[in-house]
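Asks: Let me give you the structure first, and then I'll get to my questions.
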Amino acid sequence: MKKIVYGICLLALFVTACEEKEIVIPELSSGARRVLVEEITGVNCSNCPDGARELAALQKQIGADKLILVAIHSGGDLSKPVPQSTMDLQTTEGYALVDYIGQLSGIPSAAISRRYFPDEGSEFAVGAWSARITNEFKRDYNLDLFVANTYDPITRKLDIKVNMAPDSTLLGEHRLTVVITEDSIVNAQNDNSVIILNYVHRHAFRDIVTAINGDLVAEPLTAGALISKTYSLTLPAAWDDKHCTVVAYLHHGGTPDKIILQAAEDHVVE
Amino acid sequence: MKHVLHLAFCMLIASALPAQSRITGNLQSNGNFFIDDPKIGATATPQYDYQKFGAESWLNLNYSNWGFDMGLRFDMFNNSNLLNPTGSFTGEGIGRWYIHKKIDKFEVSAGYLYDQIGSGIIFRAYEERALLIDDALFGVKVGYQLNENWKIRAFTGRIKRQFSTYGAVVRGAVVEGFIKSDSSSRVTLAPGFGVVARTFDNGTVDDIAKTIATYVPQDSTGAQYNTYAMTLYNTLTAGNFSWYVEGAYKTKDVIYDLFAPNARGGFGKLVNRPGYTVYSSLSYAKKGLGITLEVKRTEDFAFRTTPFLQTPPIQGPINFLPPMAKQNTYRLTARFAPATQELGEQAIQLDARYALSKKLSIGFNFADIQNLEGKQLYREFTPEFTYKYLRKWQLIGGVQVLHYNIFVYQEKEDPEDTNDPIDFLGGGKASYVDGLTPYVEYLYKFTARRSVRIEAQYLLTDDEFGSWVNGLVEFGWAPHWLVYASDMYKIAHHEPEKYPESKTKYDGLHYPTIGIVYSHKANRFALAYVKQVEGINCSGGICRLEPTFHGVRLNINSSF
Chain A
77 MKKIVYGICL LALFVTACEE KEIVIPELSS GARRVLVEEI TGVNCSNCPD GARELAALQK
137 QIGADKLILV AIHSGGDLSK PVPQSTMDLQ TTEGYALVDY IGQLSGIPSA AISRRYFPDE
197 GSEFAVGAWS ARITNEFKRD YNLDLFVANT YDPITRKLDI KVNMAPDSTL LGEHRLTVVI
257 TEDSIVNAQN DNSVIILNYV HRHAFRDIVT AINGDLVAEP LTAGALISKT YSLTLPAAWD
317 DKHCTVVAYL HHGGTPDKII LQAAEDHVVE
Chain B
94 MKHVLHLAFC MLIASALPAQ SRITGNLQSN GNFFIDDPKI GATATPQYDY QKFGAESWLN
154 LNYSNWGFDM GLRFDMFNNS NLLNPTGSFT GEGIGRWYIH KKIDKFEVSA GYLYDQIGSG
214 IIFRAYEERA LLIDDALFGV KVGYQLNENW KIRAFTGRIK RQFSTYGAVV RGAVVEGFIK
274 SDSSSRVTLA PGFGVVARTF DNGTVDDIAK TIATYVPQDS TGAQYNTYAM TLYNTLTAGN
334 FSWYVEGAYK TKDVIYDLFA PNARGGFGKL VNRPGYTVYS SLSYAKKGLG ITLEVKRTED
394 FAFRTTPFLQ TPPIQGPINF LPPMAKQNTY RLTARFAPAT QELGEQAIQL DARYALSKKL
454 SIGFNFADIQ NLEGKQLYRE FTPEFTYKYL RKWQLIGGVQ VLHYNIFVYQ EKEDPEDTND
514 PIDFLGGGKA SYVDGLTPYV EYLYKFTARR SVRIEAQYLL TDDEFGSWVN GLVEFGWAPH
574 WLVYASDMYK IAHHEPEKYP ESKTKYDGLH YPTIGIVYSH KANRFALAYV KQVEGINCSG
634 GICRLEPTFH GVRLNINSSF
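Order-wise, the sequence lines are chains A and B.
Letter by letter, the first sequence follows residues 77 to 346 in the numbering used here.
Letter by letter, the second sequence follows residues 94 to 653 in the numbering used here.
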């Protein structure tokens with residue numbers, strides 16, 4: 077019996093080893109800031125292709141994973157189809173969104189993270205884009221945002237999951253906006269007074285999934301929290317699902333501003 | 094070169110052995126000739142594309158003398174797809190060696206050692222060649238007989254990985270005993286208590302830290318070098334009853350949870366969680382009647398040398414969790430076998446056999462497996478009968494009713510069935526295979542030495558590729574010859590245009606096998622032409638997906 081007890085004690089020694097040093101995990105922080113540019117453009121806007129090319133060049137320089145673009149065809153008469161157009165890229169939702177962002181004085185213009193400038197408003201001309209975008213990257217709100225899509229190409233049902241992961245506590249009202257864009261739409265465009273029949277329209281706004289002013293994020297954005305929002309919709313048959321992208325952005329609720337803190341996107345079809 | 098010298102040394106010793114001692118051993122060799130056949134999917138692996146031939150061989154030698162037991166095994170793999178069914182592995186060398194010595198109550202072993210604690214829940218070092226699992230412990234084991242009924246043993250080492258070892262150090266100890274109140278008692282107890290500890294090597298720790306460093310803070314998890322697993326078990330035997338119960342607990346362990354949602358919106362990340370497993374088996378056996386009831390519940394009990402998935406994923410475990418489904422032997426009833434879920438499952442299995450008479454016996458098996466949230470993973474019900482007519486012929490018949498979550502077990506999508514042929518069983522859900530498989534086996538003995546065996550199964554299902562039929566005929570001329578032919582046929586879908594190509598691609602195809610086996614004393618030679626559809630290959634709850642095979646197989650087994 078004694079030997080059995082000794083045996084069990086020996087085993088117990090196995091378990092009651094000295095305290096060990098934990099594995100050192102490096103300090104983690106949320107991902108780098110991504111900047112969203114909402115470009116207001118039009119099919120019959122002669123200067124707009126120059127603006128699109130400016131943004132494309134900036135995106136190539138900065139990286140498509142860091143600079144996210146949405147092109148909204150909501151410039152009034154300049155966004156109406158030309159005679160050679162076979163589709164209309166204007167949407168009611170697009171106009172409502174541009175109204176929400178701020179006073180539009182002409183196109184091409186763009187909102188850079190919806191940051192408001194007293195002398196220019198929220199949307200401004202091409203000349204200021206590069207500098208404003210560069211300045212936005214200097215700001216980081218310690219927040220990460222992720223979009224994950226599940227798509228059935230047969231039923232065209234799209235399930236969207238947006239995760240918000242703040243690294244530090246964010247106070248105030250925050251809203252989440254989710255839009256769908258379609259890339260590489262080939263259609264007519266007035267390019268410096270020449271109608272290009274097979275112009276490639278990039279990142280065209282197609283629809284908004286949330287409310288125009290964004291869905292309220294009621295959960296507190298405290299440091300370390302993980303907040304998820306899910307959405308479901310069916311893609312219209314007219315859209316090319318292979319070129320569709322879901323873009324999500326978390327922004328202030330309007331008071332005192334509508335600044336976009338972080339953006340993320342995910343293709344519908346990988 | 095080192096391995097050749099080892100082998101030469103042993104042969105030299107063998108030649109100098111005393112006349113009364115001898116070396117025993119066995120040889121197992123497999124040779125596969127691959128025939129490319131894109132129509133059935135037997136293509137696009139190195140063997141089909143350009144290697145054309147693959148082989149595996151194990152030559153085992155054992156010797157006992159001077160109180161020592163010694164063993165040596167030469168392993169060889171040439172362009173083999175046994176390790177990774179879609180890859181090619183070539184390597185050769187000493188796959189195993191060991192020395193064992195018993196001195197009075199004390200014994201010691203060194204080398205590549207096979208052992209287990211209890212049912213293997215916290216530690217099992219074993220070999221399963223069909224899946225190329227060989228996780229022998231390369232180390233030292235010592236044992237001491239405390240008294241007539243109690244024994245303690247301890248070990249330390251690293252787990253084998255083909256011709257090297259995993260970096261983690263594994264150590265353990267177990268106390269086992271036997272209790273019987275007196276010699277006339279019909280009640281006995283066989284308790285045991287074991288502990289195993291695993292220490293990650295620095296390379297694995299580095300990888301863990303680097304992986305977690307890529308996570309967002311919300312997915313961060315701590316990590317530690319050591320994990321301890323403890324188990325307490327007992328077998329109670331009382332007359333016709335036998336009851337085995339085992340409970341195991343594991344301290345916090347870094348494991349990869351494939352199903353854990355991550356902050357990026359996807360699934361899969363490292364987690365650091367403790368775990369437990371409880372398993373029990375109650376049996377009743379008397380003449381003509383046998384009943385076994387098993388239950389098991391597992392939570393976070395993946396216990397591995399490294400948390401990172403290996404290629405293939407079945408490699409690298411330290412333990413073995415008991416399977417909770419019937420080990421089916423017929424080709425179609427074994428087609429959908431459930432792999433043991435280390436991270437979470439709860440299961441029950443009931444098996445019963447009753448002899449109604451000397452000729453007729455009946456039995457049934459019921460198995461039900463769910464995840465910890467109660468979601469059905471597997472359910473099987475198989476009633477069966479066996480009828481024996483004198484020693485002339487025997488008939489076995491039964492039907493398997495199956496409900497199998499193919500998404501969890503094989504990561505395959507399967508849409509909802511709107512026109513399920515076995516809808517009356519309540520099937521048709523997306524991601525599930527519902528199957529009804531009647532089967533029959535008939536053995537007829539022409540003479541004491543000549544016999545024929547016929548097998549037939551029909552898998553009725555609308556899921557995966559649809560319904561199949563399988564038949565086999567085998568002639569035996571004892572003691573030497575066995576000849577067999579079988580065919581597995583994919584029944585074409587009615588209105589195939591309504592189904593995607595992935596479901597109908599094998600419609601109308603035959604998968605024949607023709608083979609011949611010659612046995613002479615302790616030697617067995619088998620040659621077969623084989624066409625085998627893709628599917629999972631399972632052994633004891635450990636499963637892996639294997640692609641289609643088309644070719645010729647040669648197998649040699651010899652004992653000496």
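Beta carbons: idealized from backbone N, C-alpha and C, even for Gly.
By how many angstroms is the C-alpha of Leu-453 of chain B removed from the C-alpha of Lys-481 of chain B?
Replies: Near 6 Å, if we compare the C-alpha coordinates of Leu-453 of chain B and Lys-481 of chain B.
Asks: Considering only their Cβ atoms, is the gap separating Ile-210 of chain B from Val-268 of chain B smaller than 7 Å?
Replies: Result no, Cβ atoms of Val-268 of chain B and Ile-210 of chain B do not sit closer than 7 Å.
Asks: Do the segment 320-338 of chain B and the segment 187-204 of chain A make contact, defined as three or more Cβ pairs closer than 8 Å?
Replies: Counting Cβ pairs under 8 Å, fewer than three are found: no touch.
Asks: What are the start and end residues of the beta strand (DSSP E) that includes Ser-595 of chain B?
Replies: Careful: Ser-595 of chain B lies outside any beta strand (DSSP E), inside the alpha helix (DSSP H) at 594-597.
Asks: If we count the other Cβ atoms within 10 Å of its Cβ and call it buried at 16 or more, is Leu-252 of chain A buried or exposed?
Replies: Its Cβ being crowded by 16 or more others within 10 Å, Leu-252 of chain A is buried.
Asks: If I measure Cβ to Cβ from Leu-643 of chain B and keep anything under 6 Å in the same chain, skipping five residues before and after, which residues do I get?
Replies: Here residue 643 of chain B is His; the residue named in the question, Leu, does not match the sequence. Excluding sequence neighbours, His-643 of chain B sits near Ile-128, Asp-130, Ala-135 and Lys-624.
Asks: Give the C-beta separation of Ser-189 of chain A and Leu-112 of chain A to the nearest angstrom, bearing in mind that I take them to be a contact with Cβ-Cβ under 8 Å.
Replies: So it is a contact: roughly 6 Å between Cβ atoms.
Asks: So within the segment 471-505 of chain B, which uninterrupted beta strand (DSSP E) runs reach at least 3 residues, ignoring any that extend past its ends?
Replies: With a minimum length of 3 residues, the continuous beta strand (DSSP E) runs that stay inside the segment 471-505 of chain B are 486-498.
Asks: Please state the DSSP three-state secondary structure of Val-202 of chain A.
Replies: Looking at Val-202 of chain A - three-state DSSP - the assignment turns out to be helix.
Asks: Taking Cβ-Cβ distances below 7 Å as the criterion, which residues of the segment 310-323 of chain B are in contact with chain A?
Replies: Within the segment 310-323 of chain B, the residues whose Cβ lies closer than 7 Å to some Cβ of chain A are Pro-310, Gln-311, Ser-313, Gly-315, Ala-316, Gln-317, Tyr-318, Asn-319, Tyr-321 and Met-323, listed in chain order.
Asks: May I have a chain-ordered list of the beta strand (DSSP E) segments no shorter than 3 residues that lie completely inside the segment 588-653 of chain B?
Replies: The qualifying runs are 603-613, 616-625, 628-632, 635-639 and 642-652.
Asks: Check whether the Cβ of Ala-331 of chain B lies closer than 7 Å to any Cβ atom in chain A.
Replies: So, not an interface residue.
Asks: Leaving out the 5 sequence neighbours to the left and right, which residues in its chain are closer than 8 Å to Gly-361 of chain B when beta-carbon positions are compared?
Replies: Hits under 8 Å: Tyr-349, Asp-350, Leu-351, Phe-352, Ala-353 and Asn-355.
Asks: Just reading off the beta strand (DSSP E) that Ala-378 of chain B is part of, what are its end residues?
Replies: First-last of the beta strand (DSSP E) with Ala-378 of chain B: 360-379.
Asks: Return the first residue and the last residue of the alpha helix (DSSP H) that Pro-125 of chain A is part of.
Replies: Its alpha helix (DSSP H) spans residues 124-138.
Asks: Does any C-beta atom of chain B lie closer than 7 Å to the C-beta of Lys-237 of chain A?
Replies: Taking Cβ atoms only, chain B reaches closer than 7 Å to Lys-237 of chain A, which makes this a yes.
Asks: For Gly-569 of chain B, which residues in the same chain have their Cβ closer than 6 Å to its Cβ, ignoring the five residues on either side in sequence?
Replies: Excluding positions up to five away in sequence, the list reads Ser-544 and Leu-575.
Asks: Applying the 10 Å Cβ sphere with the 16-neighbour rule, what's the burial state of His-149 of chain A?
Replies: Buried, by the Cβ-count rule.
Asks: Return the chain-ordered list of same chain residues with a C-beta closer than 6 Å to the C-beta of Ser-308 of chain A, the five sequence neighbours on each side being excluded.
Replies: Taken in chain order, the residues that qualify are Asp-235.
Asks: Assign Glu-98 of chain A to one of three DSSP states: helix, strand, or coil.
Replies: It is coil, neither helix nor strand.
Asks: Report, in whole angstroms, the separation of the C-beta atoms of Leu-552 of chain B and Thr-530 of chain B, which I expect to be a contact under 8 Å.
Replies: Leu-552 of chain B to Thr-530 of chain B, Cβ: 5 Å. Contact.
Asks: Are Ile-256 of chain A and Asp-283 of chain A touching if we call contact CB-CB under 7 Å?
Replies: Closer than 7 Å, so yes.
Asks: Contact defined as beta carbons within less than 8 Å: I believe Val-289 of chain B pairs with Val-263 of chain B. What is the distance between those atoms, to the nearest angstrom?
Replies: 7 Å between Cβ atoms; contact.
Asks: For the candidate residues B:Lys-451, B:Glu-548 and B:Thr-554, whose alpha-carbon lies nearest to that of Lys-522 of chain B?
Replies: Comparing Cα positions, the closest option is B:Thr-554.
Asks: Would His-279 of chain A be called buried (16 or more neighbouring beta carbons within 10 Å of its own) or exposed?
Replies: Under this definition His-279 of chain A is a buried residue.
Asks: How many whole angstroms separate the CB atoms of Pro-178 of chain B and Arg-637 of chain B, which I take to be in contact at a CB cut-off of 8 Å?
Replies: Contact holds; Cβ gap of about 7 Å.
Asks: From what residue to what residue does the alpha helix (DSSP H) around Asn-295 of chain B run?
Replies: Element bounds for Asn-295 of chain B: 295-306.
Asks: Using CA atoms only, rank isn't needed, just tell me which of A:Glu-95, A:Val-119 and A:His-327 is closest to Met-26 of chain A.
Replies: No statement about residue 26 of chain A is possible, as the shown extent of chain A runs from 77 to 346 and does not include it.
Asks: Determine which residues of the segment 106-118 of chain A have a Cβ less than 8 Å from any Cβ of chain B, and write them out in chain order.
Replies: Of all residues in the segment 106-118 of chain A, Ser-106 and Gly-107 have a Cβ within less than 8 Å of some Cβ in chain B.
Asks: Name the chain B residues that come within less than 8 Å of Glu-341 of chain A, Cβ to Cβ?
Replies: Within chain B, no residue comes near Glu-341 of chain A; the closest Cβ sits about 12 Å away, beyond 8 Å.
Asks: Quick one: what's got a C-beta closer than 6 Å to Glu-435 of chain B's C-beta in the same chain, skipping five residues either side?
Replies: Closer than 6 Å at Cβ, skipping near neighbours: Phe-394 and Ala-395.
Asks: State the Cα-Cα distance for the pair Thr-370 of chain B and Pro-589 of chain B, rounded to the nearest angstrom.
Replies: Roughly 46 Å separates the two Cα atoms.
Asks: I'd like the span of the alpha helix (DSSP H) that includes Ala-314 of chain A, first residue to last.
Replies: Unbroken run through Ala-314 of chain A: none, as it is neither H nor E.
Asks: With 7 Å as the threshold, decide whether the Cβ of Gly-211 of chain B is near any Cβ in chain A.
Replies: Not closer than 7 Å to any Cβ of chain A, the Cβ of Gly-211 of chain B fails to qualify, so no.
Asks: Determine the direct distance from the alpha carbon of Asn-319 of chain B to that of Thr-344 of chain B, and round the result to whole angstroms.
Replies: Cα-Cα distance, rounded: 9 Å.
Asks: Could you tell me which chain B residues have their CB closer than 8 Å to the CB of Val-61 of chain A, listed as they occur along the chain?
Replies: The requested residue 61 of chain A is not part of the displayed model; chain A covers only 77 to 346.
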